[in-house]
Amino acid sequence: MEVLLLIIVNVILPVFLLIGAGAVLHIRYSLDMNTLAKLNTYLLMPALSFVNIYQNEIDAHTLLHVLSFLIIQSLCLMALSAGIAKAAKFDNSLSATFKNSVVLVNSGNFGLPISQLVFHQNPLGLSIQIIVLIFQNLLTYTYGLYNSVSVNTKGLQAMKVFLKNPVIYAFLAGLLCHSLSIQIPGFIWTPIENLAAAFLALALVTLGAQSASLKLIRFSLPLILSIVGRLILSPVIAIMVILTLGLEGTTAQALFIASSFPTSRNSSLFALEYGNHPEYAAQAVLMSTVFSIATVTAIVYSAKILFPG
Numbered sequence: 206m207e208v209l210l211l212i213i214v215n216v217i218l219p220v221f222l223l224i225g226a227g228a229v230l231h232i233r234y235s236l237d238m239n240t241l242a243k244l245n246t247y248l249l250m251p252a253l254s255f256v257n258i259y260q261n262e263i264d265a266h267t268l269l270h271v272l273s274f275l276i277i278q279s280l281c282l283m284a285l286s287a288g289i290a291k292a293a294k295f296d297n298s299l300s301a302t303f304k305n306s307v308v309l310v311n312s313g314n315f316g317l318p319i320s321q322l323v324f325h326q327n328p329l330g331l332s333i334q335i336i337v338l339i340f341q342n343l344l345t346y347t348y349g350l351y352n353s354v355s356v357n358t359k360g361l362q363a364m365k366v367f368l369k370n371p372v373i374y375a376f377l378a379g380l381l382c383h384s385l386s387i388q389i390p391g392f393i394w395t396p397i398e399n400l401a402a403a404f405l406a407l408a409l410v411t412l413g414a415q416s417a418s419l420k421l422i423r424f425s426l427p428l429i430l431s432i433v434g435r436l437i438l439s440p441v442i443a444i445m446v447i448l449t450l451g452l453e454g455t456t457a458q459a460l461f462i463a464s465s466f467p468t469s470r471n472s473s474l475f476a477l478e479y480g481n482h483p484e485y486a487a488q489a490v491l492m493s494t495v496f497s498i499a500t501v502t503a504i505v506y507s508a509k510i511l512f513p514g
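The numbering used here applies: residue 206 is where the sequence shown begins, and numbers increase by one.
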């Protein structure tokens, strides 16, 4: 019980205090969401990715385990969400949005801050979360975007969008500099490190501001299924894959925790852009984030007990 209380006080409470601050600021001052999004995506997140990968080592064995887990879990979630959508007799438009709400995860401005707090004394955990983030970006702009555009059979430009994401290049640059033992001059390193340190607070404030404009009307069947699929079934699948692959310690902890994060806001953006039940998609993002207060707390607590290391 003492460990659970510490997780709530030291991890969950700080996250949602910052989310709350972002919501209050947006309601009071109408923050420019486009500017906040660009600061996170094109400046702070790449800086964090570069710093973490440059400073820490992930051996090939661990990387293979992480990628194997992510591929297997994603395929399971795709099959599961498709099966649920078919059983519930969702139309093509609703089915596309539902599947994205289960498969696509907010591993950026929710997942990374959580991992920073959980693994603040264990850099490997945060490095694994950055790999999860990059994998999720790839999944978002391939599987997720295809789901959305295929409803109306429009052209697919997914890889062009993916290749514009600077986190990928920051990750590769950090990996290259680390591999070649390149010493970065202080006048360059200091601002990069300061930007990385700023990510946690601004990412959560941005998430709060985004959530402030969302409205919940009713708990429909698709919404309930989205929440259950994302917050409950995803961790259940994750632990089965972890046990199957024989993962242990920090690797198992990080991947189990990463499986519990709420629905990605990109699923809502895709639904809005392509007219696939955007109101339901926004509600799935909002309510999965709200209910993750309880589920992520439970998963972090469980991860510490099940996979000590």
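Using N, Cα and C, we set each Cβ at its ideal position, and we do this for glycine too.
(request) Specify, as a first and last residue, the run of the alpha helix (DSSP H) that Q326 falls within. (result) Premise fails: Q326 is in no alpha helix (DSSP H) and is neither H nor E.
(message) Please identify the residue among V214, L230, I504, I217 whose C-alpha is closest to the C-alpha of L436.
(response) I504
(message) So, at 6 angstroms on beta carbons, what are the nonlocal neighbours of I277 in its own chain, with the 5 sequence-adjacent residues on each side left out?
(response) V446
(message) Which residue marks the beginning of the alpha helix (DSSP H) containing I444, and which one marks its end?
(response) 439–450
(message) Which residue wins for smallest C-alpha separation from L248, given the options V490, I373, L450?
(response) When only C-alpha atoms are compared, the closest one is I373.
(request) Below 8 angstroms on the Cβ atoms is my guess for Q458 versus G514; work out the distance and round it to an integer in Å. (result) 7 angstroms
(request) Could you name the residues of the same chain whose beta carbon sits closer than 7 angstroms to that of I213, not counting the 5 residues immediately before and after it, in chain order? (result) T502, listed in sequence order.
(request) Would you tell me roughly how many angstroms separate the C-alpha atoms of A265 and L272, rounded to the nearest one? (result) Take the alpha-carbon of A265 and the one of L272: they are about 10 angstroms apart.
(message) Please report the straight-line C-alpha distance between G413 and L381, rounded to a whole angstrom.
(response) 35 angstroms
(request) Look up V356 in the DSSP assignment and say whether it is helix, strand or coil. (result) Correct three-state label for V356: coil.
(request) Have a look at G349 and G480 and give me their C-alpha separation to the nearest angstrom. (result) Distance between the alpha carbons of G349 and G480: 14 angstroms.
(message) For the region 491–498 against the region 456–473, do three or more pairs of beta-carbon atoms, one drawn from each stretch, fall closer than 8 angstroms, so that the two count as touching?
(response) Short answer: they touch.
(message) For Y351 and I442, I'd like the C-alpha separation in whole angstroms.
(response) 24 angstroms
(message) Going by the DSSP bridge assignment, what does T468 pair with across the sheet?
(response) V310
(message) Within a Cβ cutoff of 8 angstroms, which residues of the same chain sit near F295, ignoring the five residues on either side of it in sequence?
(response) So the qualifying residues of the chain are F303, P427.
(message) Just to confirm before moving on: does the CB-CB distance between N314 and N342 stay below 8 angstroms?
(response) no
(request) At 3 residues or longer, and completely inside the region 247–301: list those beta strand (DSSP E) runs for me, N to C. (result) Listed in chain order, there is nothing to give.
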